Amino acid sequence: MGALLVVLACAIGGKAVAAPAWIRPALPAALGFLVMQCDQRDFCFAIACPGNKLQLVNISPGGGPFGNPDLGANGRIAKLTVGQEVFSLSFAWDDSILEQVGNAGSRSELPVAALLALARSNGRIEGTNTGAVRATITSSGLKQHWPVLAKACGLPELPR
């Protein structure tokens with residue numbers, strides 16, 4: 001829990017921030033988080049790439065709407081909208097996040113096209129486990145971390 005609070009403090013600087021930026025998290029390497037962003041509600045997203053499989057990770061008190069152990073191991077389909085593009089994501093609860101960070105978390109495979117879209121503009125994600133809960137995933141800072149993501153995940157260069 002302490003490590004997540006440090007990351008949250010870095011991400012939001014102790015103030016409510018409208019558009020959080022992607023940062024390199026100071027969390028256990030075993031989680032595989034390459035970059036992370038959190039909003040003023042302590043609702044976080046991370047990009048991971050275990051085994052060269054790109055993932056979007058949701059971390060929040062209670063697990064949020066994206067993966068919920070009360071509804072089984074997997075949450076229902078979440079919708080990520082970036083501009084005119086819509087991506088379906090299926091989050092699965094991850095006990096290791098709760099064990100290592102002290103906050104609930106879930107993971108979904110993330111299409112490369114979705115991450116490329118997020119590098120260009122902000123996205124909105126909606127889960128269906130707890131009603132119409134929405135979160136914004138900002139593009140701020142994602143481009144500067146692209147070389148790390150590309151190397152770790154075998155991604156193409158960003159189009160110019």
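Okay, so the sequence shown: first residue is 1 according to the working numbering, each after it adds one.
C-beta: ideal position from N, C-alpha, C; glycine also.
Predicted, not measured: the structure shown is a model, and the values here were computed from it.
- With respect to the C-alpha of P20, the residue from R41, D94, L31 having the closest C-alpha is R41.
- Close CB contacts of G83 within its chain, under the 7 Å cut and outside five residues either way in sequence, are with A117, S121 (chain order).
- Here the stretch 38-54 makes contact with the stretch 135-155; the two share three or more CB pairs at distances below 8 Å.
- The Cβ atoms of I137 and V101 do not sit closer than 8 Å to each other.
- Leaving aside the five residues that flank L56 on each side, the residues in its chain whose CB is nearer than 7 Å to its CB run, in chain order, F45, I47, L89, S108, L110.
- Here the alpha carbon of N103 sits roughly 21 Å from the alpha carbon of I77.
- Counting only unbroken stretches of 4 or more residues, the alpha helix (DSSP H) elements lying wholly within the stretch 39-118 are 95-101, in sequence order.
- When P156, V112, W22, A26 are compared, the shortest CA-CA separation from L80 is found for V112.
- C-alpha of S140 to C-alpha of S96: approximately 28 Å in a straight line.
- Cα atoms of A150 and Q37: separation of roughly 18 Å, rounded to the nearest angstrom.
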